[in-house]
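Asks: Input: one structure, supplied below.
4 protein chains.
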Amino acid sequence: MTMQAPYTEAAVLGSRYRKVRDYSVELIDGLSAEDCQLQSMAEASPLKWHLAHTSWFFETFILGELAHAPTPFDPAFKILFNSYYIGVGDRHDRPERGMLSRPSLDQVLAYRRHVDEHMQLALATADFPAELATLVELGLNHEQQHQELMLTDLKHHFSRNPLFPAWRETGTDQRPSPGPAATPLVFEGGLVEVGHDANGFCYDNELPRHRVWLEPFALASRNVSNGEYLAFIRDGGYQRPELWLSDGWDQVCSEQWQAPLYWQHDDSGWHVFTLHGLQPVNDEATLTHISFYEADAYARWAGARLPTEMEWEHATTQNQPLQGLFDEVWQWCNSAYLPYPGFQPAAGAVGEYNGKFMINQMVLRGGSLATPTGHSRASYRNFFPAWARWQFSGVRLAWDG
Amino acid sequence: MTMQAPYTEAAVLGSRYRKVRDYSVELIDGLSAEDCQLQSMAEASPLKWHLAHTSWFFETFILGELAHAPTPFDPAFKILFNSYYIGVGDRHDRPERGMLSRPSLDQVLAYRRHVDEHMQLALATADFPAELATLVELGLNHEQQHQELMLTDLKHHFSRNPLFPAWRETGTDQRPSPGPAATPLVFEGGLVEVGHDANGFCYDNELPRHRVWLEPFALASRNVSNGEYLAFIRDGGYQRPELWLSDGWDQVCSEQWQAPLYWQHDDSGWHVFTLHGLQPVNDEATLTHISFYEADAYARWAGARLPTEMEWEHATTQNQPLQGLFDEVWQWCNSAYLPYPGFQPAAGAVGEYNGKFMINQMVLRGGSLATPTGHSRASYRNFFPAWARWQFSGVRLAWDG
Amino acid sequence: MTMQAPYTEAAVLGSRYRKVRDYSVELIDGLSAEDCQLQSMAEASPLKWHLAHTSWFFETFILGELAHAPTPFDPAFKILFNSYYIGVGDRHDRPERGMLSRPSLDQVLAYRRHVDEHMQLALATADFPAELATLVELGLNHEQQHQELMLTDLKHHFSRNPLFPAWRETGTDQRPSPGPAATPLVFEGGLVEVGHDANGFCYDNELPRHRVWLEPFALASRNVSNGEYLAFIRDGGYQRPELWLSDGWDQVCSEQWQAPLYWQHDDSGWHVFTLHGLQPVNDEATLTHISFYEADAYARWAGARLPTEMEWEHATTQNQPLQGLFDEVWQWCNSAYLPYPGFQPAAGAVGEYNGKFMINQMVLRGGSLATPTGHSRASYRNFFPAWARWQFSGVRLAWDG
Amino acid sequence: MTMQAPYTEAAVLGSRYRKVRDYSVELIDGLSAEDCQLQSMAEASPLKWHLAHTSWFFETFILGELAHAPTPFDPAFKILFNSYYIGVGDRHDRPERGMLSRPSLDQVLAYRRHVDEHMQLALATADFPAELATLVELGLNHEQQHQELMLTDLKHHFSRNPLFPAWRETGTDQRPSPGPAATPLVFEGGLVEVGHDANGFCYDNELPRHRVWLEPFALASRNVSNGEYLAFIRDGGYQRPELWLSDGWDQVCSEQWQAPLYWQHDDSGWHVFTLHGLQPVNDEATLTHISFYEADAYARWAGARLPTEMEWEHATTQNQPLQGLFDEVWQWCNSAYLPYPGFQPAAGAVGEYNGKFMINQMVLRGGSLATPTGHSRASYRNFFPAWARWQFSGVRLAWDG
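Chains as they are written, first to last, in the numbering used here: chain X, 6 to 406; chain L, 6 to 406; chain F, 6 to 406; chain B, 6 to 406.
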């Protein structure tokens, strides 16, 4: 398969396994079983489902492949917690995930413990197969992706409750951006290399590393802030069709968008629903929860454009003072999510991981405050449809050089 | 107001209050908080919501009207658990009821206890106002209606889970009908009286009692059974447009109906999802979970027709051996749900109880195995849209006399 | 069959046939082939289709039944111009009728001439079967129904063109109502007879004549006027949920209704699109193009109610000064369109004419300025869904006696 | 502006103007006014609308800019026949174009003559402004695009009529492909230039010419044929999810796709609806009317992939025996329709021509049998959503080098 993992000592992998798996359960600390069952839209899954599906991955692709595979925890989970791997068999309908009061959260947590016990046993054996070690690494990265989704999905679920529940009572998910005005940093371009260098883990969609030609360009030293976006709103940004792509304007009209997702306006000004409850919008914080359409319209209004994913990736390697690349928001790129030249999906069902989604989606680069530490990298390709807003997605401006 | 309650001694009412209220909580015995949060479609509410809304009724219309009204348990519940009483203010969107993980089931049960304590205190006072006693009786009947909905809604919620969860592990909700062939019982008709006689409680929609002229007719001595309906299915009932009303046939085609709701067919024959899990269809049991369209098509196929609600009501008063009137299934009538001559909705917000739904619905008469004991009566008018199937709804044949 | 026609001399029938058939073609005088192809919604058919379908009726049910049936004009028309008679075979999808540029209007008119020639020949024969004469009479009444639909459908088609085309350049379809204030006329009720007396033609749905008991009631001497309805609008009628049935209020909100269909408001006041172009609303004219929901809400606002169809029919026989019964607007009744006691649909495919629509529709009584002369009568039952507004439908108030 | 036209002598331009404009009217030769009004879906416009809109372009952007601008033919046409140029003012809703029986086809043809007369007068003047000449050239290319749409839209309109009308009674639009098996032609790639060289007319989206790096690749010498695609169908292509992109499979399921658009299967085999009526599928003809999803699935099944637009463009300049590039079908590329580096939309309303659609669309390269002679070129970028099938769209295979 094309997912590349470094050679991993079993002990190291076992320790990493435990750490990643534990973090998923930490995320639901303080949440009730009812909270973990919410499903607010087809695209966002219940937290209970995330917890089960990530375990299903290990049970199916690792434990099920062992010479002495343990008995499945519950045969029905094979279908219930398959997400989209058609190669593995039937699936439960995505919009119906919130209908699963059974198995209970307690049973799902027991399922996790069952899988973890067997995985720890397996990883502790001397002869754990190397090709499975690579799949374990994939499973851990898969779980980290779902950890970010747990937070973004929960935020969406909770946003539908007029009581504005908080995931954590204190703190904020409004990430302050670094104060001073954004500076355009200039890059020469030319014939450069992009894609993962296969040194360490990466997904198949980051490969192969290959050459691209870039014209000179400039990239902003930081991401756009809430305050800057408010100027766009106040300038009638959501009422001026000439600033928008045609599909974007249709969306603005049909959805009656007036501001980023989760923002609301009343006599006391702009407020935003966060994972920590409703809060006043912080002008200094990094703008987030915008669609590609809004990122694009804002850039046009600002006399700029969005970067391509290649410009973005190349820039991050050029030793320039680029701030907030990986820890604020995913940054929309004006690049469609398509295969690299020579792309080969992995063999078997895990080959469905990335390649089958390479249509009708735009690339985001970077990482967000919800991305688990160490999960992202310069060559990482995140992707969502142009209308999606429930991720921590923002914008960094670019210009022709 | 037009809801009529008998004079009720405070002590008697207090005892009745406790009994009815306790039964709602008994219904969720064995269910988890997750189960009680499920909402499978806009028309079916989570059980948690039913438990809260019925309490909201007493808090709003009784406790809120007392001279020394207790502090509301939680001001937000005013909006969250209002169902449709526009006169009372804002409401939370019906399809969003499943999005309320907060308040938790525990909090809702605490809300119930809070309301119950204050209600018991009030009912124990010497000067409990007579006009409020009438509203308490309405509130208890309202709660009994919701008790039936709790079971029919739960059945629908659970039916979306491929694991086929059971409300109770043993038993069945397939109610055996009384064996022998149905006999047409003949009634002379003429100028008869229908509607409630105002002796005891009734809803406003059962009043005023009034005269109607009935032509001679016949009514079957019992309800149609599963076995009889299977003959209709096997005779191509779902493939023959000439048997159906035009809207019914459109529904059959667009929804691809092949059998009653919850029925499924495989190599081992017909099975049906019940509140007690998946079971083989019992030919001897009373047919249920059919729409008005199916009831009407079946009757046409059988050379019969549906009774009108007036025929049905009159027949029940004529000392004939009619079986299964109130304890098997609600029986679809070929009568639209419209006001009686001289109908007056109650004053105030409770006046929205019935009158505003008098359009686009058909009447069902009788009662079902899920109807709380003592809740129904000969003049009771249940109503649902012609497509609805998730109630315990069946058919009793009629003929011209 | 149950449609009742008087004994008709062939010559009289032939003359009547010609007159009715010619009128359909007169209706498109001044319209282009393009106009006659418009289809603005699934419920409204192109005029070309009406012209063809009414001819199809005679070709199928009369000419096709003759001993020496003529060759069909075009076998494809059998499917293309069948409306809903499932008993006759396949049909072309209703919403697709506007897709038929072929056959051309010219070909459809040739089809009409072909059918007319053969019909005239047949009607001139001495031995024209009596049972077919009854079907001819049905066909002519069928055509007259479609003549009214041609005008109401055309009005809807034209309303979608921002140029506001006129069917006729001069005149108006705002029918002035008779000036003085409406008077409540009182009726005693009692055991009365309704339904057609079978003396002359009627549809099966008007039979059998039967007894009903009516409580005393009052009926307004005339229909509601535009000016009276404007008072309702100005009093916030469309913003007050307590005035509306629940389904009606949902419709007001989802469709953003603010006034009757075809009304629009600007700085120069209220205007209305008519068959004669855009015109100022005439306060003195009869209100029309309202749904059942609006009729019902208006009546509630006015402290009145809608009549039942039985009250309406009985009143028209009582020699009272009731104005505008048949020549202004169809009058919404608070009666669902359901079968009379003892109703029998006709045998064969024409039995699909009425009975299969007896669900989810409300009755309108009377007739409109678009109803062909002589087509309506006191027992005539028109019916449309509660939301429908594109017919000439209005309201006459009633009260309990 | 960025649309580049060669210096054009007024006389040459006048002659070219006449020729292009005349061809639009030739296309409706033999069609009725009714045919020209059909609109089968929101995306496909009536032919009458195409004829008017292309005239509106010249009236608005050329005649309206003249020093002595002629009086508009009809002020209402300003709105009715604007397609999407928000900068020019209001527009008539796209799905409503089929509702315009007025103006008639005759009036639209008169409008064309009016515009043509004034255009010819203007083009004959000595001082016709050079910047307007560039816009005239744009208008003529715009009209040629609409000429292709007139045929593809008409085909879709006619396909909804069960009579299978023919645009031309004889001939076929099944374009035979060049017999022998397709050969993979190998290209070295490297740092190449793509985009228009600004020598002659091009659209803004073909500019600027710029460098790209291409890895070695191979491209098939001809397009895929019907016969080859039938092998895919027979091998279960439409039943095997592993061959499809995720969105593509969803589309296959929801739309129940079994074959290309316009194909139907019965006992006598496969038939296809053409502009010349229903015909047996010709195995030797070039495959067409497939979506991007189908092109992509077919390529995967065939062990190949789609070319990128850059590979395609570069290959056409390399003096290889590539057949059917411009005269058979548009060839789907695995490239999203996005701006070239340094792209600048034209100033003013014509700047809306291309740029605002640069999202959610895939690029097609080449040209089809419906493309007017001389309209396409190697740098031409056509674009449609991945689901679109009503264009003459096919597939040419590619492979990694």
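Glycine included, every Cβ here is placed at the ideal spot set by N, Cα and C.
Please state the DSSP three-state secondary structure of L:Leu280.
Replies: Taking the first residue of the second sequence as 1, we reach residue 280 of chain L at position 275. If DSSP states are grouped into helix, strand and coil, L:Leu280 belongs with the strands.
Asks: Could you tell me how far apart the beta carbons of B:Glu39 and F:Ser106 are, in whole angstroms, since I believe they sit closer than 8 Å?
Replies: For the purposes of this step, residue 39 of chain B is taken as the residue at position 34 of the fourth sequence. For the purposes of this step, residue 106 of chain F is taken as the residue at position 101 of the third sequence. At roughly 4 Å, the Cβ-Cβ gap stays under 8 Å, so B:Glu39 and F:Ser106 are in contact.
Asks: Would you kindly work out how many angstroms separate the C-alpha atoms of X:Gly308 and B:Arg165, rounded to a whole number?
Replies: Indexing the first sequence from 1 puts residue 308 of chain X at position 303. Indexing the fourth sequence from 1 puts residue 165 of chain B at position 160. One C-alpha to the other measures close to 46 Å.
Asks: For X:Ala131 and X:Leu369, I'd like the C-alpha separation in whole angstroms.
Replies: Stepping through the first sequence from its first residue, residue 131 of chain X is reached at position 126. Stepping through the first sequence from its first residue, residue 369 of chain X is reached at position 364. So the alpha carbons of these two residues sit roughly 40 Å apart.
Asks: Would you verify that the beta carbon of F:Ile238 is, or is not, closer than 8 Å to some beta carbon of chain L?
Replies: By one-based count along the third sequence, residue 238 of chain F stands at place 233. Answer no: the Cβ-Cβ gap between F:Ile238 and chain L never drops below 8 Å.
Asks: Where do the N-terminal and C-terminal ends of the beta strand (DSSP E) with X:Trp337 fall, by residue?
Replies: Counting from 1 along the first sequence, the entry for residue 337 of chain X is found at position 332. Its beta strand (DSSP E) spans residues 335-341.
Asks: Can you tell me where the alpha helix (DSSP H) with B:Leu36 in it begins and where it stops?
Replies: Position 31 of the fourth sequence holds residue 36 of chain B. Run containing B:Leu36: none; DSSP gives neither H nor E here.
Asks: Please state the DSSP three-state secondary structure of X:His123.
Replies: Residue mapping note: residue 123 of chain X aligns to position 118 of the first sequence, counting from 1. It is helical.
Asks: Quick check: B:Ser374 and B:Asp178, are their CB atoms within less than 8 Å of each other?
Replies: Start at 1 with the first residue of the fourth sequence, and residue 374 of chain B comes out as number 369. Start at 1 with the first residue of the fourth sequence, and residue 178 of chain B comes out as number 173. Per the sequence shown, the amino acid found at residue 374 of chain B is Leu instead of Ser. A contact, by the Cβ cut-off of 8 Å.
Asks: Since X:Asp40 meets chain L, which of its residues come closer than 9 Å, beta carbon to beta carbon?
Replies: Along the first sequence, read from residue 1 onward, the residue named residue 40 of chain X stands at position 35. Residues of chain L passing the Cβ test: Ser106, Arg107, Ser109.
Asks: Looking at the secondary structure, which residues open and close the alpha helix (DSSP H) in which F:Trp262 lies?
Replies: In the third sequence, counting from the first residue as 1, residue 262 of chain F sits at position 257. That residue, F:Trp262, is in no alpha helix (DSSP H); it is neither H nor E in DSSP.
Asks: Any contact of the stretch 255-270 of chain F with the stretch 208-217 of chain F, i.e. 3+ C-beta pairs under 8 Å?
Replies: The stretch 255-270 of chain F vs the stretch 208-217 of chain F: no contact.
Asks: Can you find the residues in the same chain that come closer than 7 Å, C-beta to C-beta, to F:Val17, ignoring five residues on each side of it along the sequence?
Replies: By 1-based counting over the third sequence, the position of residue 17 of chain F is 12. There are no such residues.
Asks: Please list, in chain order, the chain X residues whose beta carbon lies closer than 8 Å to that of L:Glu64.
Replies: Working through the second sequence from its first residue, we reach residue 64 of chain L at position 59. Residues of chain X passing the Cβ test: none, with the nearest at roughly 18 Å.
Asks: Using a beta-carbon distance below 8 Å, is F:Pro77 in contact with chain L?
Replies: For the purposes of this step, residue 77 of chain F is taken as residue 72 along the third sequence, with counting starting at 1. Answer no: the Cβ-Cβ gap between F:Pro77 and chain L never drops below 8 Å.
Asks: In three-state terms, what does DSSP make of X:Thr291?
Replies: Here residue 291 of chain X refers to the residue found at position 286 of the first sequence. Looking at X:Thr291 - three-state DSSP - the assignment turns out to be strand.
Asks: For X:Gly176, which option in X:Glu247, X:Thr279, X:Trp337 has the closest C-alpha, if you only look at C-alpha atoms?
Replies: One-based indexing of the first sequence puts residue 176 of chain X at position 171. Per the Cα distances, X:Thr279.
Asks: In the DSSP assignment, what residue or residues form a beta bridge with F:Asn387?
Replies: To locate residue 387 of chain F, count along the third sequence from 1; it is residue 382. Partner(s): F:Leu369.
Asks: Is the beta carbon of L:Val199 less than 8 Å from the beta carbon of F:Trp218?
Replies: Residue 199 of chain L sits at position 194 when you count from the first residue of the second sequence. Residue 218 of chain F sits at position 213 when you count from the first residue of the third sequence. No, they are not a contact pair.
Asks: Quick check on L:Glu333 - is its C-beta less than 8 Å from some C-beta in chain X?
Replies: Counting from one through the second sequence, the residue named residue 333 of chain L turns up at place 328. Not one chain X Cβ lies under 8 Å of L:Glu333.
Asks: Work out the CA separation of B:Lys24 and B:Leu190 for me, nearest whole Å.
Replies: Numbered from 1 along the fourth sequence, position 185 holds the residue referred to as residue 190 of chain B. Numbered from 1 along the fourth sequence, position 19 holds the residue referred to as residue 24 of chain B. About 38 Å.
Asks: Taking 8 Å as the cut-off, decide whether the C-beta atoms of F:Glu220 and L:His215 are in contact.
Replies: In the third sequence, counting from the first residue as 1, residue 220 of chain F sits at position 215. In the second sequence, counting from the first residue as 1, residue 215 of chain L sits at position 210. In contact: F:Glu220 and L:His215 (Cβ atoms closer than 8 Å).
Asks: Count the other CB atoms, across all protein chains shown, that sit within 10 Å of the CB of X:Ala135; report buried if there are 16 or more and exposed otherwise.
Replies: Locating residue 135 of chain X in the first sequence gives position 130, where the first residue counts as 1. Exposed, by the Cβ-count rule.
Asks: Return the Cβ separation of B:Asp301 and B:Leu250 in integer angstroms, given the expectation that the two are a contact with Cβ distance under 8 Å.
Replies: Here the question's residue 301 of chain B lines up with position 296 in the fourth sequence. Here the question's residue 250 of chain B lines up with position 245 in the fourth sequence. About 6 Å separates the two Cβ atoms, so the contact holds.
Asks: Per DSSP, which residues does X:Leu168 bridge with? Please list them.
Replies: Counted from its first residue, the first sequence places residue 168 of chain X at position 163. The partner list for X:Leu168 (beta bridge, DSSP) is empty, contrary to what the question assumes.
Asks: Helix, strand or coil: how does DSSP classify B:Met46 here?
Replies: Within the fourth sequence, residue 46 of chain B is the residue found at index 41, counting from 1. In the structure shown, B:Met46 sits in a strand (DSSP, three-state: E or B).
Asks: Quick one, which residues of the stretch 246-263 of chain L are near chain F if we go by CB-CB under 9 Å, in chain order?
Replies: Going along the stretch 246-263 of chain L in chain order, one finds Pro246, Glu247, Trp249, Leu250, Ser251, Asp252, Gly253, Trp254 with a Cβ nearer than 9 Å to chain F.
Asks: Do you know how far the Cα of F:Tyr267 is from the Cα of F:Ala341?
Replies: Along the third sequence, one-based indexing puts residue 341 of chain F at 336. Along the third sequence, one-based indexing puts residue 267 of chain F at 262. Going by the C-alpha atoms only, they are around 26 Å apart.
Asks: Could you compute how far the alpha carbon of X:Asn387 sits from the alpha carbon of X:Leu327?
Replies: Here residue 387 of chain X is taken as the residue at index 382 of the first sequence, counted from 1. Here residue 327 of chain X is taken as the residue at index 322 of the first sequence, counted from 1. Straight-line Cα distance between these residues: approximately 19 Å.
Asks: Quick one: Cα of L:His55 to Cα of X:Tyr298, how far?
Replies: Here residue 55 of chain L refers to the residue found at position 50 when the second sequence is read from its first residue. Here residue 298 of chain X refers to the residue found at position 293 when the first sequence is read from its first residue. Looking at the two C-alpha atoms, the distance is approximately 41 Å.
Asks: Any contact of the stretch 70-85 of chain F with the stretch 64-73 of chain B, i.e. 3+ C-beta pairs under 8 Å?
Replies: The stretch 70-85 of chain F, when compared against the stretch 64-73 of chain B, does not touch it at the 8 Å Cβ threshold.
Asks: With 16 as the cutoff for other CB atoms within 10 Å, does L:Ala352 come out buried or exposed?
Replies: Residue numbering aside, residue 352 of chain L sits at position 347 when the second sequence is read from its first letter. It counts as exposed.
Asks: Determine whether the beta carbon atoms of F:Ala320 and F:Val400 lie at a separation below 8 Å.
Replies: Counting from one through the third sequence, the residue named residue 320 of chain F turns up at place 315. Counting from one through the third sequence, the residue named residue 400 of chain F turns up at place 395. No, these two residues do not count as a Cβ contact at 8 Å.
Asks: Taking only the alpha-carbon atoms, compute the straight-line gap between F:Asp111 and F:Lys83 and give it to the nearest angstrom.
Replies: Your numbering for residue 111 of chain F matches position 106 in the third sequence. Your numbering for residue 83 of chain F matches position 78 in the third sequence. So the alpha carbons of these two residues sit roughly 18 Å apart.
Asks: Along the chain, where does the beta strand (DSSP E) containing F:Glu198 start, and where does it finish?
Replies: Indexing the third sequence from 1 puts residue 198 of chain F at position 193. Note, F:Glu198: beta strand (DSSP E), 195-199.
Asks: Going by other Cβ atoms of all chains shown within 10 Å of its Cβ, with 16 needed for buried, is B:Arg227 buried or exposed?
Replies: Within the fourth sequence, the letter at position 222 stands for residue 227 of chain B. B:Arg227 is buried by the Cβ-count criterion.
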